[in-house]
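Student:
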Amino acid sequence: MVAAGILASRLAGLVRTMVFSYFFGLHAEADAFTAALRIPNLLQNLFGEGALSGSFIPVHAGLRAQGRADEAAQVARTIFALLMLVMSVLVLLGVLATPLLIDAIAYGFTGERRALAIRLVRILFPAAGMLVAAAWCLGVLNSHGKFLLSYASGVAWNAGMIGALVLFGPGSALDDLAVMLAWGSVVGAILQFAVQAPTAFSLTTGGGGIALSAPVRRTIRDFFPVMISRGAVQLSAYVDQFIASFLPVGAVAGITSAQQIYTLPVSLFGISVSAAELPALSSAAARSETGALTARVNAALERLTFFVVPSAVAFALLGDVVAGALLQRGRFRPQDSLIVWSILAGSAIGLVASTQARLYSVAHYAIGDTRTPLRFALIRIFFVTVLGWICALLLPGYLGIAPIWGAAGLTASAGASGWIEFALLRHSFNRRIGCTGIPPSHLARLWTAALIAGASTFWVKTFVPAPWPPIVRGVLLLPLFGGAFLLLVLAFGLPLAGFRRR
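If you're matching positions, the sequence shown starts at 22 in my numbering and goes up one per residue.
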């Protein structure tokens with residue numbers, strides 16, 4: 022259900038990106054909008070889905086597992102009230118301090134690009150409060166085992182922006198269209214909350230009124246470490262954007278377009294597995310079932326790598342096919358697809374590590390440890406910043422290549438930093454709970470199957486005529502890669518979709 026909901030939401034996001042690319046390409050207005058959209062997305066992830074899930078769901082699910090349903094409902098209502106209070110203040114401050122925020126996230130923007138970004142942020146900020154409210158609904162619904170509605174609700178947010186692009190895109194100047202798109206985001210955020218709210222509020226009836234009880238205080242205590250550690254992913258993206266603002270026009274929009282693609286397997290498989298496991302792991306931890314914890318973590322690791330390994334290979338070897346099929350139309354040119362391919366190839370380095378690291382972070386939250394993921398997240402941010410600056414701004418000049426290719430260096434450095442975080446998280450969890458991980462022989466066969474399938478499809482690609490439309494190339498080559506991978510998986514005796522027969 023989590024995967025189905027995320028799939029619906031991410032497909033809607035891909036459609037939004039395709040329509041956005043059609044009208045904006047990689048022009049300056051595209052840079053301005055994608056930079057502005059980072060701010061409400063940051064607040065949503067810091068105060069909503071990431072931090073709220075990691076701090077609220079373990080407490081809420083644990084109370085329900087112990088038969089304390091009324092107390093769990095009271096905790097949910099109190100957390101909602103506190104969130105709305107904090108977000109109201111942050112939205113007001115954000116609107117007033119927008120110029121400073123733009124300098125913080127895109128210091129390299131100047132002139133009209135900076136002015137447009139400031140205008141867009143002031144429109145988008147109120148949407149952040151609604152997105153956080155929608156994230157609270159997600160936490161309540163997930164704790165009650167209702168996954169589909171919460172994760173599919175993102176379709177409503179994307180629909181608001183798609184509608185704005187379709188209605189106002191033809192014939193509009195790009196700066197005017199960016200403004201209308203920002204208002205479409207606000208409408209979409211309201212819709213995302215509205216579709217979840219009735220069910221979420223119906224599940225939080227009973228118990229006393231709002232109170233700062235012991236479970237609420239524990240949720241608040243755990244919230245800030247989780248917020249910072251979960252924010253490391255977002256802060257890493259902000260570091261990338263800050264550095265990319267010094268690259269030529271199109272780098273910021275190119276990174277954002279690529280992120281819509283390479284976060285699809287991360288969300289669909291990594292986040293869905295982690296989100297589905299968090300309530301179950303929290304319940305097992307509340308009952309002190311150590312064996313169940315390690316068994317669930319091992320099964321989840323095997324399941325998510327089955328999908329993410331071939332995704333990484335596809336981005337590295339067939340990224341031009343993926344980018345062309347999804348984005349290359351309208352103002353999005355063939356050379357733009359090559360830039361996005363390079364960014365996808367860079368992201369492939371850390372794709373497997375980032376999904377496994379998220380699962381190990383969730384496992385730490387389930388056992389009540391929110392500080393260890395925080396420490397490792399800060400280490401990751403340090404390496405992302407240092408390596409990103411070197412690979413994006415210094416390395417292209419040293420290699421004698423165009424500065425725009427520094428965008429690929431950003432995702433590559435972030436991927437290398439992701440492996441450091443994953444190794445630290447796995448060592449910490451294994452030391453405390455027990456040995457977890459995927460057998461090396463299993464991983465070797467999985468990577469071999471993906472690489473053989475990718476190399477074969479790359480060879481076939483050389484025979485496809487260049488004038489063929491990108492969508493035709495995608496329809497021909499990508500299913501070929503997927504089919505070859507599945508056949509090799511069967512030949513190597515690996516379990517399909519990562520599920521072992523019991």
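Every residue, glycine too, gets a C-beta built ideally from N, C-alpha and C.
Check the C-beta distance from Leu104 over to Pro236 and give it rounded, since I have them as a contact under 8 Å.
Tutor: Translated into the one-based positions of the sequence shown, residue 104 becomes position 83. Translated into the one-based positions of the sequence shown, residue 236 becomes position 215. That belief does not hold up - the Cβ atoms of Leu104 and Pro236 are roughly 16 Å apart, past 8 Å.
Student: When you compare only the Cα positions, how much space is there between Ala305 and Gly34?
Tutor: For the purposes of this step, residue 305 is taken as residue 284 along the sequence shown, with counting starting at 1. For the purposes of this step, residue 34 is taken as residue 13 along the sequence shown, with counting starting at 1. Taking the straight line joining both Cα atoms gives about 34 Å.
Student: Following the continuous alpha helix (DSSP H) through Leu28, name the residue where it begins and the one where it ends.
Tutor: Taking the sequence shown and counting its residues from 1, the one referred to as residue 28 is at position 7. In the DSSP assignment, Leu28 falls within the unbroken alpha helix (DSSP H) covering Val23 to Phe45.
Student: Helix, strand or coil: how does DSSP classify Glu323 here?
Tutor: Taking the first residue of the sequence shown as position 1, residue 323 is located at position 302. Looking at Glu323 - three-state DSSP - the assignment turns out to be helix.
Student: Kindly indicate the opening and closing residues of the alpha helix (DSSP H) around Pro147.
Tutor: Along the sequence shown, one-based indexing puts residue 147 at 126. Where Pro147 is concerned, the enclosing alpha helix (DSSP H) stretches over Gly132 to Ser164.
Student: List, from N- to C-terminal side, the alpha helix (DSSP H) runs of 4 residues or more that fit wholly inside the region 346-389.
Tutor: 355-369 and 372-387
Student: Along the chain, where does the alpha helix (DSSP H) containing Lys482 start, and where does it finish?
Tutor: By 1-based counting over the sequence shown, the position of residue 482 is 461. Its alpha helix (DSSP H) spans residues Pro461 to Lys482.
Student: How should Ala53 be labelled, buried or exposed, when 16 other C-beta atoms within 10 angstroms of its C-beta is the threshold for buried?
Tutor: Looking up residue 53 in the sequence shown gives position 32. Ala53 comes out buried.
Student: Which word fits Asp91, buried or exposed, when buried means at least 16 other C-beta atoms lie within 10 angstroms of its C-beta?
Tutor: Position 70 of the sequence shown, counted from the start, is the residue given in the question as residue 91. Its Cβ having fewer than 16 others within 10 Å, Asp91 is exposed.
Student: Just to confirm before moving on: does the CB-CB distance between Ala9 and Gln213 stay below 9 Å?
Tutor: Outside the shown range of the chain, which is 22 to 523, sits residue 9, and nothing can be said about it.
Student: Since I believe Ala94 is in contact with Thr226 (beta carbons under 8 Å), could you give me their beta-carbon distance rounded to a whole number of angstroms?
Tutor: Numbered from 1 along the sequence shown, position 205 holds the residue referred to as residue 226. Numbered from 1 along the sequence shown, position 73 holds the residue referred to as residue 94. 6 Å between Cβ atoms; contact.
Student: Taking Cβ to Cβ, would you say Leu380 is nearer than 9 Å to Val318?
Tutor: For this step, residue 380 is matched to residue 359 along the sequence shown. For this step, residue 318 is matched to residue 297 along the sequence shown. Yes; because the gap between Cβ atoms is below 9 Å, this pair is in contact.
Student: Does the distance from the CB of Gln141 to the CB of Leu58 come in under 9 Å?
Tutor: Indexing the sequence shown from 1 puts residue 141 at position 120. Indexing the sequence shown from 1 puts residue 58 at position 37. Sequence check: residue 141 is Leu here, not Gln. Yes, the Cβ-Cβ distance between Leu141 and Leu58 is below 9 Å.
Student: Can you give the Cα-Cα distance for Gly439 and Ser109, rounded to whole angstroms?
Tutor: On the sequence shown, position 418 is the one that residue 439 refers to. On the sequence shown, position 88 is the one that residue 109 refers to. Spanning the two alpha carbons is a distance of roughly 33 Å.
Student: With 16 as the cutoff for other CB atoms within 10 Å, does Tyr419 come out buried or exposed?
Tutor: Translated into positions along the sequence shown, residue 419 becomes position 398. It is exposed - the Cβ of Tyr419 has fewer than 16 other Cβ atoms within 10 Å.
Student: Return the residue from the list Ala173, Ala320 and Asn179 that minimises the CA-CA distance to His463.
Tutor: Along the sequence shown, read from residue 1 onward, the residue named residue 463 stands at position 442. It is Ala320 whose Cα lies nearest to the Cα of His463.
Student: Do Leu408 and the ligand ADP come close, with the Cβ less than 8 Å from some heavy atom?
Tutor: Ligands are entirely absent from the displayed structure, and the ligand ADP is therefore not among its contents.
Student: Is it the case that the region 275-286 contacts the region 358-366, given that we only count it when at least three CB pairs across the two stretches are under 8 Å?
Tutor: yes
Student: Taking the alpha-carbon of Pro300 as reference, which of Ala465, Ser76 and Ser30 has the nearest alpha-carbon?
Tutor: Residue mapping note: residue 300 aligns to position 279 of the sequence shown, counting from 1. Among Ala465, Ser76 and Ser30, the Cα nearest to that of Pro300 belongs to Ser76.
Student: Apart from the five residues on each side of it in sequence, which residues of its chain come closer than 7 Å, Cβ to Cβ, to Ala471?
Tutor: The residue labelled residue 471 in the question sits at position 450 within the sequence shown. These residues qualify, in order along the chain: Val330, Pro331, Val334 and Phe506.
Student: Roughly how many angstroms lie between the CA atoms of Leu198 and Val208, to the nearest whole one?
Tutor: Position 177 of the sequence shown, counted from the start, is the residue given in the question as residue 198. Position 187 of the sequence shown, counted from the start, is the residue given in the question as residue 208. Taking the straight line joining both Cα atoms gives about 15 Å.
Student: Using only the alpha-carbon positions, how far apart do Gly367 and Gly88 sit?
Tutor: The residue labelled residue 367 in the question sits at position 346 within the sequence shown. The residue labelled residue 88 in the question sits at position 67 within the sequence shown. Distance between the alpha carbons of Gly367 and Gly88: 48 Å.
Student: Does DSSP classify Thr55 as helix, strand or coil?
Tutor: Residue mapping note: residue 55 aligns to position 34 of the sequence shown, counting from 1. Thr55: helix per DSSP, three-state reduction.
Student: Would you tell me roughly how many angstroms separate the C-alpha atoms of Ala102 and Gln280, rounded to the nearest one?
Tutor: On the sequence shown, position 81 is the one that residue 102 refers to. On the sequence shown, position 259 is the one that residue 280 refers to. Approximately 33 Å between the Cα atoms of the pair.
Student: When DSSP labels each residue in this structure, what does Val242 get in the three-state scheme?
Tutor: Translated into the one-based positions of the sequence shown, residue 242 becomes position 221. A quick correction: the sequence has Arg, not Val, at residue 242. Helix, per DSSP.
Student: Out of Trp426, Trp489, Pro486 and Leu395, point me to the one whose CA is closest to Phe244's CA.
Tutor: Within the sequence shown, residue 244 is the residue found at index 223, counting from 1. The candidate whose alpha carbon is nearest that of Phe244 is Leu395.
Student: Please go through the same chain and pick out, in chain order, the residues whose beta-carbon is closer than 6 Å to the beta-carbon of Arg523, but skip the five residues on each side of it.
Tutor: Position 502 of the sequence shown, counted from the start, is the residue given in the question as residue 523. Any answer about Arg523 is weak, because its pLDDT of 42 lies below 50 and its placement is not dependable; what the coordinates show is given next. Contacts found: none.
Student: Does the count of Cβ pairs from the region 113-132 and the region 157-173 closer than 8 Å reach three?
Tutor: Contact annotation: the region 113-132 does not touch the region 157-173, with fewer than three C-beta pairs closer than 8 Å.
Student: I'd like to know whether the C-beta atoms of Ile27 and Gly175 end up nearer to each other than 9 Å.
Tutor: Position 6 of the sequence shown, counted from the first residue, corresponds to residue 27. Position 154 of the sequence shown, counted from the first residue, corresponds to residue 175. Yes, these two residues count as a Cβ contact at 9 Å.
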